[in-house]
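Residue numbers (our numbering), protein chains in the order written: chain G, 93 to 235; chain X, 93 to 235; chain E, 93 to 235; chain C, 93 to 235.
Written out below as structure tokens is the structure these notes cover.
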């Protein structure tokens, strides 16, 4: 690759579907063990869905909150809970509705690179966090 | 339940998330064996997503076509390919964009009851059909 | 990186903003030389806008067609003109409106890797193609 | 033009694409110097995108906030920060989601005429403001 061309791209990494399914299954197993049905969304860096499951009894609309959490975490490369509460509503509106600081969204960071985001929704905040962390642990992602 | 009240409900069945994940994994295994990356969507009777995966290299926009196929099949309780070609465009538009007769969508019928739909998209039509059928077979659904 | 973790990611490449601006400026220069004002959209692999310009006198709604062309090319990793005409309308509807085979959309392929897509719209089809190709040439992308 | 007809029009001015690109490049250069990747949106008086770039590492969802800032500034012909905080949420909702007082949006005023708006988003508020002002300065717009 010539020097000129090299400046036009930058290396990146993407989560494989194998990795996404391992994370998804670990989240399901954790939620089953807790007895808390969940919606689990995993999105890539562009906010596009990679893997999803709605568990028996999980709340219908929490599909959307789990997705917003996943997109927010992937976009900002930090847990959703870090977004400034003083700005949360106006940021959410200005960003078109997807930006949230609801607990349960985490970036998926492998070897220091954010490859995507996961969002869990239907339980209480702390339950959503616990399920998301089980998914991160299963693929060796930073928690 | 009293006799009167009984008249106010009818029995139904829903696909469990365990069943959805078995179908999803079978579809992924088949697509991997074929060397054709796919988007696989499974929706419930309400057209709401139950399980999804986008495989490495699957086309981005085929996420939407796989979802349209799944919703169409669940809605009409028949394979997408049965929709009358002479009406396909006006039906699609009048139904809000989700109704399609693209190949690759099937109802999931267990014990004679349609519990949901599956849609596969990113390959050629016949490839999408083959992957969807592998998912149906894995959970003993009618093909 | 452990063997297990390695299986959870796959290497990718992204267009830099420097590269996107070189492509954008080359497209503008070409369109100015042709006397054909254009809308030029460059999107990443996730279909998200990376760079855009609407030239003086370019058609307002062609912003949307240029975007659809760019997203379609990035999604399918091929020029928009390759989409099967026999399926074009039903694919467009089933994919949510963004999938098009209008001329003027190209994947941006550098060193064999599709990093994103470009779409040009406001001129005639052949003019849109010519402007898009000037952008590709400026960054050494495959044409 | 007859005297009567003259009463039916009023003079206006629009930013050229050449001007938009000068502003965009100046904003990118400033953001690079600061080490803060940004989304930069420039919209015309109709709130329609004229020029845009997402820099390497800029937050995905800040594309939308940068656009909301640009549209708000162009609409109200004043910096976004001037909107009354006591009304910010109900104004944002009633205006369909695009009206915001997040810092980083400015009208582009040339020779006393507001020709369009610019919005910058992904950094902290003060950083977004600094980058937007660099764009204004580059084309001699009022700050």
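All C-beta atoms, glycine included, are put in the ideal place defined by N, C-alpha and C.
Remember, it's a predicted structure, so these values are computed and weren't measured experimentally.
- For residue 198 of chain G, no Cβ of chain X is located within less than 8 Å of the residue's own Cβ.
- DSSP places residue 155 of chain E inside the alpha helix (DSSP H), whose first and last residues are 154 to 168.
- The straight-line gap separating the alpha-carbon atoms of residue 108 of chain C and residue 134 of chain E is approximately 20 Å.
- For residue 105 of chain X against residue 207 of chain X, the beta-carbon gap comes to about 5 Å, under 8 Å, which counts as contact.
- For a Cβ distance threshold of 8 Å, residue set 167, 168 and 169 of chain E lies close to residue 151 of chain X, ordered along the chain.
- Of the residues C/103, C/164, C/150 and C/112, the one whose Cα lies closest to the Cα of residue 144 of chain E is C/112.
- Annotated three-state conformation of residue 133 of chain E is strand, per DSSP.
- Secondary structure note for residue 221 of chain E: its alpha helix (DSSP H) is the uninterrupted segment 217 to 230.
- Following the DSSP letters along the chain, one finds residue 145 of chain G in no alpha helix (DSSP H) but inside the beta strand (DSSP E) bounded by residues 141 to 146.
- Proximity to residue 234 of chain X across X/209, X/219 and X/148 peaks at X/209, based on C-alpha coordinates.
- Between the alpha carbons of residue 142 of chain G and residue 147 of chain X lies a distance of about 8 Å.
- Proximity of chain G to residue 142 of chain X at the Cβ level (cut-off 8 Å) is accounted for by 145 and 146, in chain order.
- Residue pairing for residue 101 of chain G: DSSP places it in a beta bridge opposite E/107.
- Contact of residue 201 of chain E with chain X by beta-carbon distance below 7 Å is absent, the smallest such distance being about 14 Å.
- Residue 130 of chain E sits away from residue 211 of chain E, with the two beta carbons spaced by 8 Å or more.
- Taking 3 residues as the minimum length, the beta strand (DSSP E) runs contained wholly in the stretch 191 to 218 of chain G are 197 to 202 and 205 to 213, in order along the chain.
- If you check the CB distance, residue 119 of chain E and residue 229 of chain E do not come in under 8 Å.
- If you draw a straight line from the Cα of residue 175 of chain G to the Cα of residue 193 of chain G, it is about 5 Å long.
- Shown here is that no member of the stretch 94 to 118 of chain C has a Cβ falling below 8 Å from a Cβ of chain G.
- Using a CB distance cut-off of 8 Å, residue 179 of chain C does not count as an interface residue toward chain G.
- The continuous alpha helix (DSSP H) containing residue 186 of chain C extends over residues 180 to 186.
- Taking a C-beta distance under 8 Å as the contact criterion, residue 162 of chain G and residue 156 of chain C do not qualify as a contact pair.
- For residue 204 of chain E, the closest of E/169, E/139, E/164 and E/102 by C-alpha to C-alpha distance is E/169.
- Between residue 222 of chain E and the set E/122, E/101, E/110 and E/103, the nearest pair of CA atoms involves E/122.
- Around the beta carbon of residue 213 of chain G, 16 or more other beta carbons sit within 10 angstroms, so the residue counts as buried.
- Counting only the Cα atoms, residue 102 of chain E lies some 20 Å from residue 100 of chain G.
- For residue 120 of chain G, the nearest beta carbon of chain E is not closer than 8 Å to its own beta carbon.
- Residue 177 of chain C carries a helical assignment under DSSP once its states are collapsed to helix, strand and coil.
- Around residue 184 of chain C, the beta-carbon contacts reaching into chain G at under 8 Å are 182, 185 and 186.
- Between residue 153 of chain C and residue 167 of chain G, the beta carbon gap of about 4 Å places them in contact (Cβ cut-off 8 Å).
- Across the set G/132, G/231, G/151 and G/126, the C-alpha of G/231 shows the shortest separation from the C-alpha of residue 200 of chain G.
- The beta-carbon distance between residue 177 of chain G and residue 198 of chain G, rounded to whole angstroms, is 18 Å. This is too long to meet the 8 Å contact definition.
- Contact note: residue 155 of chain C reaches chain E through 140 and 141, using a C-beta cutoff of 9 Å and chain order.
- Interface residue (Cβ-Cβ distance to chain X less than 8 Å): residue 190 of chain E is classified as such.
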